[in-house]
Amino acid sequence: MSVWSLNRFRKLRLLLTGCRRRWLAHRHGVTVDKSASVSLSATFVCGEKGSIVIGEGSLVAFKTLLISVTANRQTRPITIGKNCFIGGGSVILPGVRIGDDSGRGDAGAVIVVPPAERGDEAVLPKKALHGEVDALHL
1 MSVWSLNRFR KLRLLLTGCR RRWLAHRHGV TVDKSASVSL SATFVCGEKG
51 SIVIGEGSLV AFKTLLISVT ANRQTRPITI GKNCFIGGGS VILPGVRIGD
101 DSGRGDAGAV IVVPPAERGD EAVLPKKALH GEVDALHL
């Protein structure tokens with residue numbers, strides 16, 4: 001009996017993620033470093049080209065939503081530094097800058113403002129949103 005592994009598909013995965021990186025740069029203007037890993041199910045909403053930047057060695061997990069445009073159509077850039085981890089199902093709202101070597105965005109977190117401005121209050125688990133929406137300070 002042979003051992004079956006998903007590593008058999010590594011070349012295909014690298015090909016698909018490389019194509020996606022080029023498509024994001026061309027279509028939406030999202031800048032993704034070659035060493036960064038972005039899930040195929042991550043969604044980007046850009047106000048203008050270059051408004052979302054993902055740094056070297058960073059990981060954006062599955063079903064993550066990055067929005068760089070506000071409700072009144074103003075663009076506020078999102079920057080994710082080097083070696084960052086954004087957990088699955090996280091939402092990063094306009095104007096957020098995440099510094100190098102950060103592990104922001106637990107699974108299902110909503111990152112509202114730059115962490116440097118408001119500390120831990122900027123990262124809210126999904127369960128905190130039920131009945132505590134005023135804590136977002138929108």
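Just so we're aligned, residue 1 is where the sequence shown starts under the working numbering, counting upward by one. Even glycine gets a Cβ: it sits at the ideal position worked out from N, Cα and C. If you're wondering where the values come from, they're calculated on a predicted model, not measured in any experiment.
Query: Identify the residues that DSSP records as bridge partners of THR79: which are they?; Result: VAL53, ARG97
Query: Among the residues of its own chain, which have a CB less than 8 Å from the CB of LYS49, if the five just before and after it don't count?; Result: HIS28, GLY29
Query: Tell me the rounded alpha-carbon separation between SER68 and ALA25.; Result: 15 Å
Query: Quick one: grab the DSSP three-state call for HIS28.; Result: helix
Query: Looking only at its chain, what residues have a beta carbon closer than 7 Å to the beta carbon of GLU121, apart from the 5 residues adjacent to it on each side?; Result: Reliability fails at GLU121, whose pLDDT of 39 lies under 50, so the model's placement of it is uncertain and no value is given.
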